[in-house]
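Asker:
In my numbering, the protein residues as written are 2 to 262.
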């Protein structure tokens, strides 16, 4: 594969959160525009989501949800100030609690009979360095070979963004490479943002589609199912891929296996 290859992972988050979300993700997979999903193993409809993933061959990763422990609640609420939360993440006792929760959610995911293609977090909280370290350690222990990563940080529309430091994020990327973890060269969140950007290298498109419920989620589904989405991929020569396919290629920055629409 040439260095100018354009590969796109279309990853739908929150699988297992609601029937509408499950239905939307399944529809996107059946239409061939969602390549994998991130399943919340403690979601209220996680068992149903896992059953569908197994029956339909949907590639699924683990969407770790630490919101309760971090004091985060919807819509956009935070029990602790960022200064307080940062201090908490330096406490060994609190880190042990987070680590146990991460492992518990991974083990629950595995109990569904699924093999995780990747791992990430709800609200991108592995953008906090202490959580990132816990996640990568857990991924290594459980043989998970791919993780979501954004070199430019993580935006949160309903709350403060995850703190971003170029030097810390370079450290994160170096650690991913040292551990042989698969990750995309860039992450784009949201269908509207994606439609306005040129795709280069390996990109992970993060979506939150649903067949009903919240309007913004419905629009995500409509966007990825639209003819405009397919036309953009064809015009720019973008091929769809997945974390598992990239892992199978044994390369961390270029995948050899892809499939097109």
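We treat Cβ as the ideally placed atom computed from N, Cα and C, and that holds for glycine.
Apart from the five residues just before and just after residue 125, which ones in its own chain have a Cβ nearer than 8 Å to its Cβ?
Answerer: Counting only Cβ-Cβ distances below 8 Å, and skipping sequence neighbours, we find 149, 151, 155, 157, 163.
Asker: If you reduce the DSSP assignment to three classes, tell me which class residue 239 lands in.
Answerer: Residue state, collapsed to three classes: coil.
Asker: Whole beta strand (DSSP E) runs in the segment 8-92 with 3 or more residues, listed along the chain?
Answerer: Complete beta strand (DSSP E) runs here, min 3: 37-40, 61-65.
Asker: How should residue 76 be labelled, buried or exposed, when 16 other C-beta atoms within 10 angstroms of its C-beta is the threshold for buried?
Answerer: By the 10 Å Cβ count, residue 76 comes out exposed.
Asker: When the Cα of residue 1 is compared with those of 65, 40, 66, 243, which residue comes out closest?
Answerer: What is shown of the chain runs 2 to 262, which leaves residue 1 out entirely.
Asker: Quick one: what's got a C-beta closer than 8 Å to residue 98's C-beta in the same chain, skipping five residues either side?
Answerer: Result list for residue 98: 70, in chain order.
Asker: Let me make sure I understand the geometry here. Which of 234, 205, 169, 159 has the alpha-carbon closest to that of residue 183?
Answerer: It is 205.
Asker: Identify every run of the beta strand (DSSP E) within the segment 170-242, keeping only runs that are complete inside it and at least 3 residues long; order them along the chain.
Answerer: Whole beta strand (DSSP E) segments, 3+ residues: 187-190, 202-208, 240-242.
Asker: What's the C-alpha gap between residue 79 and residue 189?
Answerer: The straight-line gap from Cα to Cα measures roughly 25 Å.
Asker: Please list the segments of the beta strand (DSSP E) lying wholly inside the segment 106-157, counting only runs of 3 or more residues, in order along the chain.
Answerer: The segment 106-157 contains these whole beta strand (DSSP E) runs: 120-122.
Asker: Leaving out the 5 sequence neighbours to the left and right, which residues in its chain are closer than 8 Å to residue 198 when beta-carbon positions are compared?
Answerer: Closer than 8 Å at Cβ, skipping near neighbours: 189.
Asker: So which of 12, 159, 207, 24 has the shortest CA-CA distance to residue 38?
Answerer: Residue 38 has its Cα closest to that of 12, out of 12, 159, 207, 24.
Asker: Please report the distance separating the alpha-carbon of residue 6 from that of residue 26.
Answerer: Their backbone Cα atoms lie some 26 Å apart in a straight line.
Asker: Does DSSP put residue 101 in a helix, in a strand, or in coil?
Answerer: Helix at residue 101.
Asker: Under 8 Å by Cβ, that's how I've got residue 63 and residue 10 pegged, so tell me the actual separation to the nearest angstrom.
Answerer: Contact flag wrong, Cβ pair sits at about 15 Å.
Asker: Leaving out the 5 sequence neighbours to the left and right, which residues in its chain are closer than 7 Å to residue 43 when beta-carbon positions are compared?
Answerer: The residues are 66, 106, 109.
Asker: By the 10 Å Cβ neighbour count, where 16 or more other Cβ atoms means buried, how is residue 221 classified, buried or exposed?
Answerer: Label assigned to residue 221: buried.
Asker: What does the alpha-carbon distance come out to for the pair residue 45 and residue 20?
Answerer: When rounded, the distance between both Cα atoms is 9 Å.
Asker: Tell me the DSSP secondary structure of residue 248 in three-state form.
Answerer: In the structure shown, residue 248 sits in a helix (DSSP, three-state: H, G or I).
Asker: Kindly indicate which three-state DSSP category residue 95 falls into: helix, strand or coil?
Answerer: Helix, per DSSP.
Asker: Give the single residue among 196, 59, 218 whose Cα lies nearest to the Cα of residue 118.
Answerer: When each option's Cα is compared against that of residue 118, the closest is 59.
Asker: If you draw a straight line from the C-alpha of residue 187 to the C-alpha of residue 202, how long is it?
Answerer: So the alpha carbons of these two residues sit roughly 8 Å apart.
Asker: Please name the residue, chosen from 96, 185, 33, that lies closest to residue 147 on a Cα-to-Cα basis.
Answerer: Minimum Cα distance to residue 147 is reached at 185.
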